[in-house]
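Report on the following structure.
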Amino acid sequence: DAFAGLALEAVRVAEGASLLVLKGGPARVVAGPVEIPIDPNARMRLSLSPAEAWAKRTVPAWRLLSGDQAAMPDLAGKIVLIGSSAPEAGALLPLAAMPLAPTVQIQAEAVEQMLGGRFLTRPVSANAWEPAVMAAFGLMAVALAARLPPAVAAASVAGLVLLWLGGVALAFVREGWLLDPIGAVSAILVGANITAFAEYRKTRALKAAIEQ
8 DAFAGLALEA VRVAEGASLL VLKGGPARVV AGPVEIPIDP NARMRLSLSP AEAWAKRTVP
68 AWRLLSGDQA AMPDLAGKIV LIGSSAPEAG ALLPLAAMPL APTVQIQAEA VEQMLGGRFL
128 TRPVSANAWE PAVMAAFGLM AVALAARLPP AVAAASVAGL VLLWLGGVAL AFVREGWLLD
188 PIGAVSAILV GANITAFAEY RKTRALKAAI EQ
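Just so we're on the same page, my numbering is the position in the sequence shown counted from 1, plus 7.
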């Protein structure tokens, strides 16, 4: 069964919501005014902050234990998570951006993302139209490789690759969409290279026939 994690519960309490509400179309969890999109497995993808942001939001334990009022941070009205970054604590998990990260920092990333409203999502319809785009780009690469001179065809194929990768990057930056950058590029390169090899073999055969 799915259950709320530490970050979601912290946001719920901070927002004064008495309960969590599950909604569909698209799937999301609602905690007061905060809506968090989730995937079919009730997971939320993290968009990691830069490393310097981790240092800015971290308060060392010695500052709280020193008794020095000047060193005390202002924590009023903020969500405070207590954890350890020491390996001996065993509270480390692997991330895509780094081998291991303290779980308290991962939870803090989730809290900031929920409150900031910036989420990484994969469109529900992507699984349907991505194969169509892959086939269309592959056919375009075949046509270009078959009809254009080699140098022009290579430049055109490179343009198709950059066009797709640029679109994927733009969708990620502007909308937080996660699209497959590899499928269409693979179709373009495979289609273009197979067509170019077939044209080369055809030219070699014609050359041999003329020489004979």
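Using N, Cα and C, we set each Cβ at its ideal position, and we do this for glycine too. Predicted model, so just to flag it, every value in this text is computed and none were measured.
**Asked** Per DSSP, K30 forms a beta bridge with which residues?
**Response** K30 pairs with R35.
**Message:** Along the chain, where does the alpha helix (DSSP H) containing V18 start, and where does it finish?
**Reply:** 13 to 21
**Item:** Rounded straight-line distance, which links the Cα of L72 to that of W184
**Value:** Roughly 43 Å between the two C-alpha positions.
**Delimiting residues of the alpha helix (DSSP H) encompassing E95** = Judged by DSSP secondary structure, E95 falls outside any alpha helix (DSSP H); it is assigned neither H nor E.
**Prompt:** From the DSSP output, which residues share a beta bridge with W184?
**Reply:** T128
**Bounding residues of the alpha helix (DSSP H) (the contiguous stretch that carries V192)** = 190 to 218
**Request:** Can you tell me which of A205, T128, P138 puts its alpha carbon nearest to the alpha carbon of P44?
**Result:** T128
**Asked** Over what stretch of residues does the beta strand (DSSP E) that includes P40 continue unbroken?
**Response** For P40, there is no enclosing beta strand (DSSP E), since its DSSP letter is neither H nor E.
**Under 8 Å between C-beta atoms of A38 and L15** = yes
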